[in-house]
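Each number in the numbering used here comes from the position in the sequence shown (counting from 1) with 14 added on.
Glycine included, each C-beta is placed from N, C-alpha and C at the ideal position.
Inspection log for the structure reproduced underneath, given as structure tokens.
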Amino acid sequence: MKKLFADNIVTAIDVGTTKICVLIGQQLSEGSVEILGIGKVPSEGLRKGVVVDMAKTIRSIKDAVEEAQLMANVRIESAVVGVSGSHIQSRNVYGAVPIGKKGVTQEDIANVIANAKAVPLQEGQQVLHVLPRYFSIDGQERVQDPLGMFGVRLEAQIHMITGSVTSVHNLVSCCEQAGILVQDVILEQLASAKAVLNDDERDLGVGMIDIGGGTTDLAIYQRGTICHTKVIPVAGNHFTNDLAIGLRITTKDAERIKRDYGLANSRLLENDSIIEGELIQGEIMRTIHMKDITEILEARSQELLSLVHEEILTHHLSHVLVSGLVITGGGSMLEGLKEVAEDICGVPVRIGRPRILHNDPEILSNPIYATGYGLLLLAGDKGRSSGLFNDDQKGVTRLLMRMKSWVSDFF
Ligand SMILES: Nc1ncnc2c1ncn2[C@@H]1O[C@H](COP(=O)(O)OP(=O)(O)OP(=O)(O)O)[C@@H](O)[C@H]1O
Ligand SMILES: [Mg+2]
């Protein structure tokens, strides 16, 4: 297997609840990464976005890495990895420092960010991202880059994201035990948003919802920067389980029925057709009514979108969604979900498809790859990702130490 120059090769691992996906890419230019290899294997060691069985997760990561390496004909040693789960917390924090006679220096910017993030964290939580939203000088207009500006007082508004030390540690450890050095841990919805939102939407104000198997990840942008994130532990697997319980069929059959016949909106049901002869449980053939399937999926869709809407209302963010909502992730492929989201949230909704540079139409714009492709783009943006760590410390400890001082630079 040949080994390409580490400089232009970027690798992302999306450790999802239903699939583990490894993408190997070659960065062509800023914001453009060509896919060289994809490895996708079922994930069995996660529950609601969190690793609960390390051995199974390590096995799946190894398999996915192997598959991607074979396709890319490249051996990889390191990757960026996505993190999710209901242990993720976020909040907007504020900091201020005095400005010296020479105007705002790099040091002032670092100090004001340090001042903003110096807030007590909940026991067991660790800073994942410190995302500057905007700066201001003496309470005046927002500025994105205050370097060199004059005034008395520099203020910073920061979106801070934290996660459970143990959950992140387990995830990183799984990758490392699978032989991959973790360069960065990135919140999954930041990655999905990178892959499916455009600059205009981010500037005007938009909400991105990644409906996966175990979690629904929300990210809200205003004036080009992130202002809110939330992980809701309800997603596609709940739809499947509801069908399995409601129709008394196996989870496997429920998953297939959902994908092939599922409707989230009863208005799309023209007449109550019957699905017959498709289900084999032992020797028993079953007949199932479309009306029953739709009723179950519609109830769950309404519940999930109501949770999203409540989150938006609770944080007074309805007015922010000028460009509406963009839904992605495998769950977004349920027919009629877009309309349910529009009805409940009262804003225009579109399905977010990553525009992946790949010649396979299956992969090209499939929402299940939004997180992985976004991770790849972020790894590329950070450029020199192979050079992110050039110190001597090794492994998980080094990463966790680094996370303490993380100031993400991808916005
Ligand atoms: N055509 C489809 N119709 C409805 N649901 C679908 C369809 N295709 C995939 N799904 C659902 O999408 C979910 C998987 O999506 P995705 O691959 O984005 O999740 P994941 O990344 O593994 O999980 P998570 O992000 O929650 O950890 C599953 O619940 C699956 O049933
Ligand atoms: Mg996912």
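- Message: On the criterion of 16 or more Cβ atoms from any shown chain inside 10 Å, does K266 qualify as buried, or is it exposed?
- Response: exposed
- V248 to I310 span [Cα, whole Å]: 15 angstroms
- Query: Is any heavy atom in ligand 1 found nearer than 7 angstroms to the beta carbon of R61?
  - Reply: no
- Query: Can you check whether the CB of I38 is closer than 8 angstroms to the CB of A69?
  - Reply: no
- Item | Bounding residues of the beta strand (DSSP E) (the contiguous stretch that carries N106) | 103 to 112
- Inter-residue Cα distance where the pair is V160 and I172: Val is not the amino acid found at residue 160; the sequence shown has Pro there. P160 and I172: Cα-Cα distance of roughly 14 angstroms.
- Query: By a C-beta neighbour count over all protein chains shown, 10 Å radius and 16 as the cutoff for buried, is I288 buried or exposed?
  - Reply: exposed
- Item | Residue of T264, F149, L277, M174 minimising C-alpha distance to M163 | F149
- Query: Touching or not, the segment 220 to 234 and the segment 327 to 341, by the rule of three or more beta carbon pairs under 8 angstroms?
  - Reply: yes
- Is N212 buried or exposed, if buried means 16 or more other CB atoms sit within 10 Å of its CB? exposed
- Evaluate G345 with the Cβ neighbour count: other Cβ atoms within 10 Å of its Cβ, from every protein chain shown; 16 or more gives buried, anything less gives exposed. buried
- Query: DSSP puts C35 in a beta bridge; with which residues?
  - Reply: D28, K54
- Query: For ligand 2, which residues count as neighbours when the test is a C-beta closer than 5 angstroms to any heavy atom?
  - Reply: G30, G226, T385
- Enumerate, from N- to C-terminal direction, the unbroken beta strand (DSSP E) stretches of 3 or more residues contained entirely within the segment 164 to 229. 167 to 178, 195 to 201, 220 to 225
- Query: Can you name the residues that DSSP bridges to H143?
  - Reply: I175
- Examine ligand 1 and report whether any of its heavy atoms sits within less than 7 angstroms of the Cβ of R156. no
- Candidates E349, L335, T32: closest to D214 by CA position: L335
- Query: Could you check where the alpha helix (DSSP H) with K70 kicks off and where it finishes?
  - Reply: 68 to 86
- Item | Simplified DSSP assignment, three categories, for R367 | coil
- Item | Reduced DSSP secondary structure (H/G/I, E/B, other) of I263 | coil
- Item | Between the CA atoms of V166 and P368 - distance to the nearest angstrom | 44 angstroms
- Could you pull out every residue in the same chain whose Cβ sits closer than 7 angstroms to the Cβ of R156, ignoring the five residues on either side in sequence? Y148, S150
- Task: Using 7 angstroms as the cut-off, classify the Cβ of E202 as near or not near the heavy atoms of ligand 3, replying yes or no.
- Result: With respect to ligand 3, the structure offers nothing, as its ligand set consists of ligand 1 and ligand 2.
- Could you spell out the range, first to last residue, of the beta strand (DSSP E) harbouring G96? 92 to 97
- Item | Residue span of the alpha helix (DSSP H) that contains T385, given as start and end | 384 to 395
- Item | Cβ neighbour criterion (16 or more within 10 Å) applied to Y235 | buried
- Query: Grouping DSSP H, G and I as helix and E and B as strand, with all else coil, what is R398?
  - Reply: Because the pLDDT at R398 is just 38, under 50, the model does not fix this residue reliably, and the point stays unresolved.
- Task: In angstroms with no decimal places, state the Cα-to-Cα distance between I34 and P56.
- Result: 6 angstroms
- Item | Alpha-carbon to alpha-carbon, D395 and E44 | 6 angstroms
- Task: For D286, name the three-state secondary structure that DSSP assigns.
- Result: coil
- Query: Between G219 and the rest of its own chain, which residues show a CB-CB distance below 7 angstroms, the 5 nearest in sequence each way excluded?
  - Reply: Y235, Q236, V334, L335, V336, S337
- Query: According to DSSP, is K62 helix, strand or coil?
  - Reply: coil
- Compute every distance between the C-beta of M304 and the non-hydrogen atoms of ligand 1, then say whether any falls below 7 angstroms. no
- Task: Count the other C-beta atoms from every protein chain shown that fall within 10 angstroms of the C-beta of P112, then say buried if there are 16 or more, exposed otherwise.
- Result: exposed
- Does DSSP put H242 in a helix, a strand or coil? strand
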